[in-house]
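Visitor: Each residue of the sequence shown is one higher than the one before, starting from 593 at the first, in the working numbering. Built from N, CA and C at the ideal position, the CB exists for glycine as well.
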Amino acid sequence: MSVGTGPTFTDEQAAAADAKASFGDLRPRLETLVARYPERRAAMLPVLWEVQTARGWLTPTSIREIADYLGTPQAHVEGVITFYTMFKDVPVGQDVVMVCKTLSCRLRGAQEVIDALEDRYGIELGGTTSDGRYTIDEAECLGLCDMAPCMLVVDGARHGNLTPESAVQALEGGR
Ligand code: FES
Numbered sequence: 593m594s595v596g597t598g599p600t601f602t603d604e605q606a607a608a609a610d611a612k613a614s615f616g617d618l619r620p621r622l623e624t625l626v627a628r629y630p631e632r633r634a635a636m637l638p639v640l641w642e643v644q645t646a647r648g649w650l651t652p653t654s655i656r657e658i659a660d661y662l663g664t665p666q667a668h669v670e671g672v673i674t675f676y677t678m679f680k681d682v683p684v685g686q687d688v689v690m691v692c693k694t695l696s697c698r699l700r701g702a703q704e705v706i707d708a709l710e711d712r713y714g715i716e717l718g719g720t721t722s723d724g725r726y727t728i729d730e731a732e733c734l735g736l737c738d739m740a741p742c743m744l745v746v747d748g749a750r751h752g753n754l755t756p757e758s759a760v761q762a763l764e765g766g767r
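(1) Give the secondary structure of C692 by DSSP, where H, G and I count as helix, E and B as strand, and everything else as coil.
(2) Could you check where the alpha helix (DSSP H) with L618 kicks off and where it finishes?
(3) With DSSP as the reference, label E757 as helix, strand or coil.
(4) Would you say the beta carbon of L736 comes nearer than 6 Å to a heavy atom of the ligand FES?
(5) Which of the three DSSP states, helix, strand or coil, is assigned to I658?
(6) I658: which of A634, T720, D603 sits nearest, CA to CA?
(7) Can you confirm whether the stretch 654-669 touches the stretch 700-714 when touching is taken to mean that 3 or more C-beta pairs between the two stretches lie within less than 8 Å?
(8) Just to check, is the beta-carbon of S654 closer than 6 Å to a non-hydrogen atom of the ligand FES?
(9) How is M636 classed by DSSP in three states: helix, strand or coil?
(10) Under 6 Å Cβ to Cβ from T653, same chain only, skipping five residues before and after it: list those, please.
(11) Just checking my contact of V688 with M743 at CB under 8 Å: how many whole Å lie between their CB atoms?
(12) Please work out which residues of its chain come closer than 7 Å, Cβ to Cβ, to E604, disregarding the five sequence neighbours upstream and downstream, and give them in chain order.
(13) Kindly indicate which residue of E623, L699, L734, E716 has the alpha-carbon position closest to the one of E642.
(14) What is the C-beta distance between L819 and F679, in whole angstroms, given that I count them as a contact (C-beta under 8 Å)?
(15) According to DSSP, H751 sits in a beta bridge with which residue or residues?
(16) Report the residue from R632, V760, E732, E757 whose alpha carbon sits nearest the alpha carbon of L695.
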């Protein structure tokens, strides 16, 4: 699967993700988040994150429900998802690995790290391993520039001062 080649999911995959948590079940937690902001739309990022965490990725139904919930056009929600690399509108692996490609990391070998991960797992950036364990993607600055090049396993560990070898080892150690 490649994120860059258009939607690559089935209705069954979307339905399975939606079935992990109904929007009604999520609503109490979302209400807590929205209450922290002066207007509903301002809670877009935490609401997206909450729904993505519950369902694994942001399905078409999720996007529609979030737009309705926040009282904002669906196109606006889609634009935010597209802008922020941590939001996924296609199925992802159990762990999402974000490799920083911003300047400090790029100058210190981020591309070599990405090449090594692509070679090891036989996927392109944005792809998911055949066992569904990892999605490997790029990210803008992760705020770990003093550890460049670095990567973040979403909801997991931060890895810095990477070499191509240590990046592969870091993921193999987590298997
Ligand atoms: S440039 Fe990579 S973490 Fe900041």
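Guide: In short:
(1) Three-state result, C692: strand.
(2) Where L618 is concerned, the enclosing alpha helix (DSSP H) stretches over 615-626.
(3) Helix, per DSSP.
(4) For the ligand FES, at least one heavy atom lies less than 6 Å from the Cβ of L736.
(5) For I658, the three-state secondary structure derived from DSSP is helix.
(6) Cα-wise, what sits closest to I658 is A634.
(7) Note that the stretch 700-714 does not touch the stretch 654-669; fewer than 3 beta-carbon pairs, one per stretch, sit closer than 8 Å.
(8) For S654, the shortest C-beta to heavy atom distance toward the ligand FES is 6 Å or greater.
(9) When DSSP states are grouped into helix, strand and coil, M636 belongs to the helix group.
(10) Excluding sequence neighbours, T653 sits near D610.
(11) Contact doesn't hold; Cβ gap of about 10 Å is too wide.
(12) Excluding residues within five positions, none has a Cβ falling inside 7 Å.
(13) Checking every option, the nearest Cα to that of E642 belongs to E623.
(14) Residue 819 lies beyond the stretch modelled for the chain, which goes from 593 to 767, so this question has no answer here.
(15) M743, per the DSSP bridge assignment.
(16) When each option's Cα is compared against that of L695, the closest is E732.
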